Amino acid sequence: MNKKLFIPLVIILLLSSCTHKTWTITNATSTKIAIDSTTEKTADKNYELYLQPLKQKIDAEMNVVIGNAAETMTGHAPESLLSNFSADVYRKAASEFLENNVDISIVNLGGLRTIVLKGNITVGKVFELMPFENELVLLWLKGDKIFDLLQYFASMGGEGVSGLRMEIKNGKAVNITIGGQPLSPEKLYSIATNDYLAGGNDKMIQLAQYEKRVNTGLKIRNILLDYIKKETQKGNKIEAKLDGRIK
């Protein structure tokens, strides 16, 4: 028999002799592994040793002191040092990018993930404060949309803002001013915020109803790092103040 014909024939015979089996689960077991304060006790020592050089490198970078906080800053409604600081830095960076004044900025309190204690500020602390890869975004919204957005803020007790002032009375935003002037329903205002909120998230749906949007490509975390470093180079401490922008 021709060998070239014989080999394919053998393969066909072998394949045709195979039968499909139906598998049935006869037994199943599971183990609960708690991820809590006791987890470290059961850590794989070999894996820890493997990661040690990387951990040392990261720790060295994260522990670098880049500034000094004049006082402890926390984030909460209706107004706080940390939210004022963050919103002011957002607006400053956006104005520099645009090379023109940006009217307001908005920071969600839920996005500020830690507090900043009085004293040294490290790179790691900024990563804790802003662990996300969010970017700075510029939006242009009409005043009527901003009015609706601020009513939502009022219902929640407040959010982080810069460039505007408002009062909360009976869960409603009143006496709203932007740049010292009453909010105008038909006027187009520029807003600095992050890309997460620009998508209408955190129930800030009005932000997604913009007339125009510009993605700056600037990471929020890097903006904060750069600001702190520059202020430190000037010999300034990192500070904020409560000025009654929301009350």
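For the sequence shown, this note's numbering assigns the number -17 to the initial residue and increments by one for each residue that follows. Even for Gly, the Cβ is constructed at its ideal location relative to N, Cα and C. Because the structure is a prediction, the values reported are computed rather than measured.
Open item on the list: Whole angstroms are fine: how far does the CA of ALA155 sit from the CA of ASN134?
Closed with: Translated into the one-based positions of the sequence shown, residue 134 becomes position 152. Translated into the one-based positions of the sequence shown, residue 155 becomes position 173. Looking at the sequence shown, residue 134 is not Asn but Tyr. Roughly 8 Å between the two C-alpha positions.
- [ ] Name the one or two DSSP bridge partners that ASN90 has.
- [x] If you number the sequence shown from 1, residue 90 lands on position 108. Partner(s): none; ASN90 has no beta bridge.
TODO: Identify, in the order they occur along the chain, each residue of the same chain with its Cβ nearer than 8 Å to the Cβ of ILE48, setting aside the five sequence neighbours on each side.
DONE: Within the sequence shown, the letter at position 66 stands for residue 48. The answer, listed in chain order, is ILE103, THR104, VAL105, VAL108, LEU207, ILE210, LYS211 and THR214.
Open item on the list: For ALA190 and GLY182, what's the separation of their Cα atoms in angstroms?
Closed with: Taking the first residue of the sequence shown as position 1, residue 190 is located at position 208. Taking the first residue of the sequence shown as position 1, residue 182 is located at position 200. Going by the C-alpha atoms only, they are around 5 Å apart.
- [ ] Report the three-state DSSP secondary structure of ASN82 (helix, strand or coil).
- [x] Locating residue 82 in the sequence shown gives position 100, counting from the first residue. Coil at ASN82, not helix or strand.
Task: SER230 - containing beta strand (DSSP E), residue span - done: The first residue shown for the chain is -17 and the last is 229, placing residue 230 beyond what the model contains.
TODO: Would you list the one or two residues that DSSP bridges to TRP122?
DONE: The count along the sequence shown starts at 1 and reaches residue 122 at position 140. Partner(s): SER172 and LYS194.
TODO: State buried or exposed for ILE228, treating a residue as buried only when at least 16 other CB atoms are found within 10 Å of its CB.
DONE: As a first step, residue 228 is located in the sequence shown; it is residue number 246 there, counting from the start. The residue is buried, with at least 16 neighbouring Cβ atoms inside 10 Å.
Open item on the list: Across the region 79 to 88 and the region 23 to 39, are there enough close Cβ pairs to call them in contact, namely three or more that are closer than 8 Å?
Closed with: Verdict: no, contact absent.
Open item on the list: Is it buried or exposed, VAL46, if we count other Cβ atoms within 10 angstroms and call 16 or more buried?
Closed with: Your numbering for residue 46 matches position 64 in the sequence shown. Exposed: under 16 other Cβ atoms inside 10 Å.
Task: CB-CB length for ASN116 against TYR178, believed under 8 Å - done: Taking the sequence shown and counting its residues from 1, the one referred to as residue 116 is at position 134. Taking the sequence shown and counting its residues from 1, the one referred to as residue 178 is at position 196. With a Cβ gap of about 5 Å, ASN116 and TYR178 count as contacting.
- [ ] Mind checking which residues open and close the beta strand (DSSP E) that includes LYS230?
- [x] What is shown of the chain runs -17 to 229, which leaves residue 230 out entirely.
Task: Closest by C-alpha distance to GLY153, when choosing among LEU91, SER87, GLY139 and LYS124 - done: Here the question's residue 153 lines up with position 171 in the sequence shown. Closest by alpha carbon: GLY139.
Open item on the list: Please report the straight-line C-alpha distance between LYS100 and ALA222, rounded to a whole angstrom.
Closed with: To locate residue 100, count along the sequence shown from 1; it is residue 118. To locate residue 222, count along the sequence shown from 1; it is residue 240. So the alpha carbons of these two residues sit roughly 12 Å apart.
TODO: Identify, in the order they occur along the chain, each residue of the same chain with its Cβ nearer than 6 Å to the Cβ of LEU146, setting aside the five sequence neighbours on each side.
DONE: Here residue 146 corresponds to residue number 164 of the sequence shown, with the count starting at 1. Closer than 6 Å at Cβ, skipping near neighbours: ILE86 and ILE160.
Task: Environment of SER65 [buried if 16+ CB atoms lie within 10 Å] - done: Residue 65 sits at position 83 when you count from the first residue of the sequence shown. That one is buried.
Task: First and last residue of the uninterrupted alpha helix (DSSP H) at THR214 - done: For the purposes of this step, residue 214 is taken as the residue at position 232 of the sequence shown. Counting along the chain, the alpha helix (DSSP H) containing THR214 begins and ends at 202 to 215.
- [ ] List the endpoints of the continuous alpha helix (DSSP H) containing ALA42.
- [x] For the purposes of this step, residue 42 is taken as the residue at position 60 of the sequence shown. Per DSSP, the unbroken alpha helix (DSSP H) holding ALA42 starts and ends at 27 to 44.
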